[in-house]
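A quick write-up on the structure given underneath.
Numbering (this note's numbering), first residue to last: 103 to 188.
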């Protein structure tokens, strides 16, 4: 769960970090006055698009195989057994 959240957060922040790097390379500063509203809008749309694409690509293979049923996580003989499909 935490890994998925971190991946999506990284995908969301990528366009803003790239724009900040571009500003740093061209203007030498990343102060908020240099961030144009249009660039922020484009970065926001790109961020949402990357998150949606990431959710589709990273999570679409986590579905149950046909005919399988989910066995929830449990403790057997003092050992934790994670949830799985059978």
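Note that CB positions come from ideal geometry on N, CA and C, so glycine has one too.
Problem set entry | Stretch-stretch touch, CB-based, cutoff 8 Å, three pairs: the stretch 110-120 with the stretch 137-155 | yes
For this session: Report the rounded CA-to-CA distance for residue 140 versus residue 161, giving the unit in angstroms.
Result: Position 38 of the chain shown holds residue 140. Position 59 of the chain shown holds residue 161. Distance between the alpha carbons of residue 140 and residue 161 is about 31 Å.
For this session: Pull up the CB-CB distance for residue 114 and residue 155, whole angstroms please, since I reckon it's below 8 Å.
Result: Taking the chain shown and counting its residues from 1, one reaches residue 114 at position 12. Taking the chain shown and counting its residues from 1, one reaches residue 155 at position 53. Contact doesn't hold; Cβ gap of about 11 Å is too wide.
For this session: Please state whether DSSP places residue 170 in a helix, a strand or coil.
Result: Counted from its first residue, the chain shown places residue 170 at position 68. Residue 170: coil per DSSP, three-state reduction.
For this session: Would you give the residue range spanned by the alpha helix (DSSP H) that residue 150 belongs to?
Result: By 1-based counting over the chain shown, the position of residue 150 is 48. Residues 139-161.
Exercise. For residue 132 versus residue 125, is the C-beta spacing smaller than 8 Å?
Worked result: Mapped onto the chain shown, residue 132 falls at position 30. Mapped onto the chain shown, residue 125 falls at position 23. Yes.
For this session: For residue 127, name the three-state secondary structure that DSSP assigns.
Result: Taking the first residue of the chain shown as 1, we reach residue 127 at position 25. Helix.
For this session: State the beta-bridge partners of residue 116 as determined by DSSP.
Result: Stepping through the chain shown from its first residue, residue 116 is reached at position 14. In the DSSP output, where bridge partners are listed per residue, residue 116 has none listed.
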